[in-house]
Structures are given as C-alpha cells and as structure tokens.
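> I'd like to ask some things about the structure below.
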RNA sequence: GCUCCGGUAGUAUAGUCCGGUCAAGUAUAACGGCCUCUCGAGCCGUGGACCCGGGUUCAAAUCCCGGCCGGAGCACCA
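Numbering (this note's numbering), first residue to last: 10 to 536.
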C-alpha cells in the first residue's frame, strides 16, 4: 500500500487527496499572530503557576538578565499565575549587596512592565534557613564539616567521606550550635548536605549549604553583623523555591548542576522539586554583559554612571529610548532554548524601530551646522512640515522664511549635506523650495533660489535635505551610543519637547529627550 | 581533565519529542524594484541554512552510532 502510494508522482498524490479529502489540503490561514512562548512543562498539574526572578542586588540589571526576568514574568502572566521577586543577598563578603541596587532593580522591573506580585529578601529569612539546616542535621542528612577545603576536595574526588560525615546527629547539633555562637572562625566550619558520594559529577558530592562569614569585618548592608552563619545559594534558593510555592524555576543553564544538588536536599526534606527550565546565555555583540566589568568600569571612571550609553544596563537602554516593549518582544521571540544566543544591536534596533516609527514625531536636527545662503528668494515663504508623515492629524511645524535685505535668506544645513554639495547641482530644502548650488566652502554654501514646486526637484533628481532657518535654531547635543557628543542645532519647535519624549530627527535617527532647558540634550537610539 | 548541555541562512527562530504534508516556514540583515517631499516607514521581489561521516528505513533536519565544533559547571559566589 505504502509502496503503491510512493510510486505515484507528487502531483498524482495531490490530485487523489484533493478528490477524496479536499479539507486536508485547505491552506491554513497565514495567521499573523504574535509569536508565543512554548507551553510550560506540566503547567496543567499546578492550580497556580508561580515563577520568580532572583537577582543578587550587587549591581544594576542589564540585558543579560532580560531572559530570566521576561520569561519568568511572561509565563506567570500567560498562566494567570504569580511572579515573585526575591533578592538573593546572602553573600556580604564576595558579592556584597549594595542598598541602592534593591530599589534600582525594583525600578527596572517596573519599567520593563513586569509587575511583581510578591517580594522577598533572603537576608530577612536567615532563621528559616537555620531551621531547615538544623532539621537536616538532626535527621542525619547533613553534617558540619571542619575539614580544610583543600583536604575535603581531595577526599571527595576519590568519593571518600571525611570523618565529620559520620558523626552522630547529637554531635552535629553541638557543632552547629558552636557555629552559630561563634565557636568557629570564618572558613573553619561549613554545613554540608549529604549526597551520593559516588555521583559521577564530583561537583554535586556533599555540597556546602551554609558557611561562616565574619560580619564584624564584612557587615551586611541590611542586617549588619546580626548573623555570622550564611546560607549558600543552593540552600537558600532551594528552601525558598519550595516555601514560596515556585512551580517553575526559569534560570540560566549555569544552574543545571545546582538542580541536581538541590534535588538531594528536596529528597531529604520530602519535597518535590519544581519544574525547571534552563535557558542559554544571551549575548549582544559588542556589549559588556558582565557585572564585574560594569562595576569595574564605573569604579575606574570609564563610565559616567549606570546609565552610560555604552552599557547594556536597563538604565542605559531606557535613557537611549529603547522601549521595554521592544526588549520584551525580542526575548519572547528568542524563547527559552538551551542554546546560547548572540544577538546584535541591530536586532534590538529593528524591534524598537517598528514600535517607534508609527508614534514618534519628526523634527529637524542639523549636525555640525554649516550656513547656507540663498539668493533671489522672491518673497516671504512659509513651509508646513508635518510632525508625522502618515498622521496629518498630529499637526505640523510652520516656519516662515523672509528674505533679508534684498532677497537673501539664511539657513543651517548639516555638514554632511554641505560636504557632498557641488556647484551647479540642484538641492531641495524639504517642503520649501529648490535651489542651485553656486559655491561651497568649509563653512558657507552659497546658492540661488530656482523654484518652489516639488515636481521640479523630482524631475532633476535633486537631493532632499533638511534645514533650519537662521534664527529658528536651538542648540542641541546628541549623546551617541559610544558616549561621544554630536553637537548641532535643532529647530525651534523642539523647545516644546518634554524629557522622556522619543522623537525622530529626520535623516538622522531616533532620539530620546533627556533635558530641555537652555539647551536640548537628547540620547541617540538608532537610525 | 572530569560532568553536563547544545549545533537549522550573517543573526535569531519554527520544525526535532510522535520520521513522510520540509526540494525547510518566519523575523531581521543584504541585494534589486515600487512607493513616499527623511538616508525613516511601507509594499513587491532575489539570494542565503538542516556541523560532518556512517547506520536504520520505502522515506531522516527529525531515530541510532562515531567524530568535529561551541557553551556551561567542577567556589566556604549567585
């Protein structure tokens, strides 16, 4: 039967199917749907999907965290679930949290449109971790290890237990009490969770769960020197995920072995490990997405601040007019795959442009202004420039060009346009009139009025350029993505712009208004 | 080195679980054209990919084996 069908040509097969089962071939409507995230594993088993984003507040957030935040939040929304923000600030020494970042992170999330349903801070929860540590110890599922780290490592590589492992629960509890009360110094004792010593991955064998930190020397920014025993990641996150009812852990694949480690603890406590999705790393070509590099650059004064346009922090993206919607769409499109992704700025810009273009008003900005002198202007002329080419209803800017003296008018045009101007060529000042170039020098272009009609410029294939009448300019600084400043002049209608507004400077690019006082300061987004 | 994970056009992604409708869809970038009083947007079109080698099968991007390449983890960090 199969052979029979295969012996027929494709067309033949098609014809037969069409005859007998016409509905099978009906083309599915090319639905222009938004791309959706793939379904969450086993979502139906949970009455309420709960996800979390758990940053260490030791730095501001950047694009590298976007995947964790947006996937977690989107999935929570998709299943009408709950999205938790949990600050993992349990290392007052090496990755010391900084007070200002707690709030900065909340602001970033709010800006991204990721509403937090519940918030927790791990440094408030030490007694909880202590309680479970004690339970594990008492039930023989953990032990206080006094071995020097180096010695322990050698043993564990050979799957050999250390002498601390088999001490009785009573002795463990006694050691634990000493740990809490200061009987051991930093690095002298650590609580380990028992696992399979023969596990193929040595990294999961009897992993450390709590350690001592000398908080007199390294006080925690929130709780100071109140505690000296601090949980490590797997202890704190593992306990919290269960206690907070997290159903789906969405985090980077660097945590893959942490799941294996935590599963041992879950078994000891009789808990079930949540579903876990481990996505790959997200990189942007040319952007530093490493906290340590960002922090270092700030400290050395290379970057002006957390929102320096060279950085890929959310603060910087916000300043540049990259919209949260664009970031969100990009991350959703990329999805939760385990393969690493390397995006380019162009990808982000394309998403952003699509959102910005229909809604941003247009203005003229002349970069590196050069004076244009036009002779023979017959009379005062006015130009009406639409704020948006596709949306006449949003209004227009209007400038009247009155010849001074006899018949001469002056304008500012961009150096880039002046540079390519050649004597004898026609140029059209957009929406105004056509001129013929007479002469070009470094800071003056002289020209002569020829006609008003746009059609003539088209016929002559004249270049269209933007312009600002002399006297209608405001000084404007454009901060570029490389932090350089492009100085120029903006048309006077820009005086009305408010900070936060995103506009397009025609033939230049999209920019976000940052300050608009004596001088206009804008940040460049992209073309 | 050990333990995992991955590899579809320049980039990203769909398809892989459950082999056939995939001579591989989409977005973006590139190129060409149309339209437009922006070098923007829009519209139309072109080129471009299943890492390699074997195997199983009537049929492999999809299953199996081997190789190559890439990534992650191997902290008293998160």
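Note that beta-carbon positions come from the ideal geometry of N, C-alpha and C, so glycine has one too.
Determine the burial state of residue 532: buried for a count of at least 16 other Cβ atoms within 10 Å of its Cβ, exposed for fewer.
buried
> When burial is assigned at 16 or more other CB atoms within 10 Å of the CB, is residue 100 buried or exposed?
buried
> Given this structure, state the Cα-to-Cα distance separating residue 405 from residue 369, to the nearest angstrom.
Answer to the nearest angstrom: the Cα atoms are 13 Å apart.
> Should residue 452 go down as buried or exposed, given a rule of 16 or more other Cβ atoms within 10 Å for buried?
exposed
> Taking all protein chains shown into account, decide if residue 121 is buried (16 or more other Cβ within 10 angstroms of its Cβ) or exposed.
Within 10 angstroms of the beta-carbon of residue 121 lie 16 or more other beta-carbons, which makes it buried.
> Are residue 138 and residue 202 touching if we call contact CB-CB under 7 Å?
no
> I need the straight-line Cα distance from residue 341 to residue 162, nearest angstrom please.
41 Å
> What are the uninterrupted segments assigned as alpha helix (DSSP H) that are 4 or more residues long and contained completely in the stretch 138-205, given in chain order?
158-166, 178-190
> Rounded to whole angstroms, how far is the Cβ of residue 174 from the Cβ of residue 152, which I believe are closer than 8 Å?
5 Å
> Using only CA atoms, which one of 494, 536, 516, 535 lies nearest to residue 529?
Among 494, 536, 516, 535, the Cα nearest to that of residue 529 belongs to 494.
> Classify residue 46 as helix, strand or coil using the three-state DSSP reduction.
coil
> With a 10 Å radius around its C-beta and 16 neighbouring C-beta atoms as the bar for buried, classify residue 403 as buried or exposed.
Classification of residue 403: exposed, given that the 10 Å Cβ count is below 16.
> Would residue 132 be called buried (16 or more neighbouring beta carbons within 10 Å of its own) or exposed?
buried
> As a quick exercise: from 53, 527, 74, pick the residue whose alpha carbon is nearest that of residue 292.
74
> Residues in its own chain within less than 8 Å of residue 474 by CB, not counting five upstream and five downstream?
422, 423, 426, 436, 437, 438, 439, 516
> On a Cα-Cα basis, can you pick out the residue from 267, 172, 60 that is closest to residue 87?
Here the closest residue by C-alpha is 60.
> Would you report the Cα separation of residue 154 and residue 65, rounded to the nearest angstrom?
Whole-angstrom Cα-Cα distance: 27 Å.
> Where DSSP assigns a beta bridge to residue 486, which residues make up the other side?
Residue 486 is bridged to 496, 530.
> Only counting the same chain, and skipping five residues up and downstream in sequence, which positions put a Cβ closer than 7 Å to that of residue 361?
331, 332, 335, 534, 535
> By Cβ distance below 7 Å, which residues in the same chain neighbour residue 312 in space, the five residues on each side in sequence not counted?
Excluding residues up to 5 positions away in sequence, 306, 319, 320 lie with their Cβ nearer than 7 Å to the Cβ of residue 312 in the same chain.
> Could you name the residues of the same chain whose beta carbon sits closer than 6 Å to that of residue 476, not counting the 5 residues immediately before and after it, in chain order?
420, 422, 438
> Which complete beta strand (DSSP E) runs does the stretch 422-456 hold, if anything under 3 residues is left out?
435-438, 442-450
> Among 491, 500, 219, whose alpha-carbon lies nearest the alpha-carbon of residue 325?
491
> So, at 7 Å on beta carbons, what are the nonlocal neighbours of residue 39 in its own chain, with the 5 sequence-adjacent residues on each side left out?
Because the pLDDT of residue 39 is 30, which lies under 50, any placement of that residue in the model is unreliable, and the number read from its coordinates should be weighed accordingly. The answer is none, since no qualifying residue turns up.
> Report yes or no: do the stretch 204-213 and the stretch 228-243 share at least 3 C-beta pairs separated by less than 8 Å?
no
> Suppose you measure from the CA of residue 356 to the CA of residue 339; what does that come to, to the nearest Å?
8 Å
> For residue 247, is the classification buried or exposed, using 16 other Cβ atoms within 10 angstroms of its Cβ as the cut-off for buried?
buried
> Can you list, in chain order, the residues of its chain whose CB lies under 8 Å from that of residue 79, leaving out five sequence neighbours each side?
121, 123, 336, 337, 340, 341
> Work out the CA separation of residue 181 and residue 126 for me, nearest whole Å.
Each residue's alpha carbon lies about 39 Å from the other.
> Could you name the residues of the same chain whose beta carbon sits closer than 6 Å to that of residue 430, not counting the 5 residues immediately before and after it, in chain order?
446, 449, 454
> Alpha carbon to alpha carbon, what distance is there between residue 460 and residue 7?
Since the first and last residues shown for the chain are 10 and 536, residue 7 lies out of range.
> Measuring alpha carbon to alpha carbon, tell me which residue in 288, 317, 249, 102 is nearest residue 134.
249
> Excluding the five sequence neighbours on either side, which residues of its own chain have a C-beta within less than 7 Å of the C-beta of residue 111, listed in chain order?
Within the same chain, and ignoring the five residues on either side of residue 111 in sequence, the residues whose Cβ sits closer than 7 Å to its Cβ are 66, 96.
> Taking just the CA atoms, how far does residue 478 sit from residue 408?
8 Å
> To which residues of the same chain is residue 256 closer than 6 Å at the C-beta, ignoring the five residues directly before and after it?
55, 58, 59, 283
> Should the stretch 367-383 be called in touch with the stretch 497-509, which here means at least 3 C-beta pairs below 8 Å?
Using a Cβ-Cβ distance cut-off of 8 Å, the stretch 367-383 and the stretch 497-509 are in contact, since at least three pairs of beta carbons, one from each stretch, lie closer than that value.
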